[in-house]
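FYI, in mature numbering (1 follows the signal peptide of the UniProt record, and there is no 0) the residues of the sequence shown are -17 to -1, 1 to 129.
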Amino acid sequence: MHRLLFAGLLLTAAAGAQTNPVHDGEMSWRTYAAERSARVRVYLCEDERRPRTVVIDERADNGGVVTDEAQYLADLVGRELGFDPTAATFVFRFTPASFVPDAAERGKTLLLRATFGRTGTGALASPTWRVIGGEDLAELTDRALR
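Here's what the structure looks like:
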């Protein structure tokens, strides 16, 4: 009986651990014009080709749109966190706080999915973009985000 209870607790803990991001932190970089930063969360998912989903939250005080630097940011995230960005799905998330400082995170959200490949020289290629919905984000993050 105790073994069954212990096994159930382990399975519950493992399932709960999967829904939490494996990384949740600030990423900063410098552009020609200014210092920029974004919240970066990485989730493991069931996709064999792209087993990670990287969610990047845009901020109102960034002084520019983070998607303008998507290729550079994906490369930076991959180098900093130790994975190939072509083996991840990136979701750029825009909430009311992306446009108005100190606004709530809740409200209408724009989600842009980006995937990357490599050029013939091995450099990171320009992203392929697609607008996705909340249910798509939930799938990509193993139901951790909606």
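Note that the Cβ used here is the ideal one computed from N, Cα and C, for glycine as well.
Other residues of its chain near residue i: CB distance less than 8 Å, five sequence neighbours each side excluded
| i | result |
| --- | --- |
| L59 | M10, W12 |
Where the alpha helix (DSSP H) through residue i begins and ends
| i | result |
| --- | --- |
| A53 | 53 to 64 |
Endpoints, the beta strand (DSSP E) within which residue i is located
| i | result |
| --- | --- |
| D125 | Counting along the chain, D125 falls outside any beta strand (DSSP E), and DSSP gives it neither H nor E. |
| E31 | First-last for E31: undefined, no H or E at that position. |
| G8 | 6 to 13 |
| V48 | Unbroken run through V48: none, as it is neither H nor E. |
Residue burial classification, residue i (beta-carbon count within 10 angstroms, cutoff 16)
| i | result |
| --- | --- |
| L120 | buried |
| T36 | buried |
| A16 | exposed |
| V49 | buried |
| L(-13) | In this prediction, L(-13) scores a pLDDT of 34, lower than 50, which makes its location untrustworthy; no coordinate-derived value is stated. |
| R89 | exposed |
Same chain, Cβ closer than 7 Å to residue i, neighbours up to 5 away in sequence not counted
| i | result |
| --- | --- |
| residue 133 | Because the chain spans -17 through 129 in this model, residue 133 falls outside it and cannot be assessed. |
| E122 | none |
Close-in-space but distant-in-sequence residues of the same chain around residue i (CB under 6 Å, 5 per side omitted)
| i | result |
| --- | --- |
| P84 | A43, D44 |
Distance CB(residue i)-CB(residue j) smaller than 9 Å
| i | j | result |
| --- | --- | --- |
| E41 | R96 | no |
| G47 | R22 | no |
| L107 | P79 | no |
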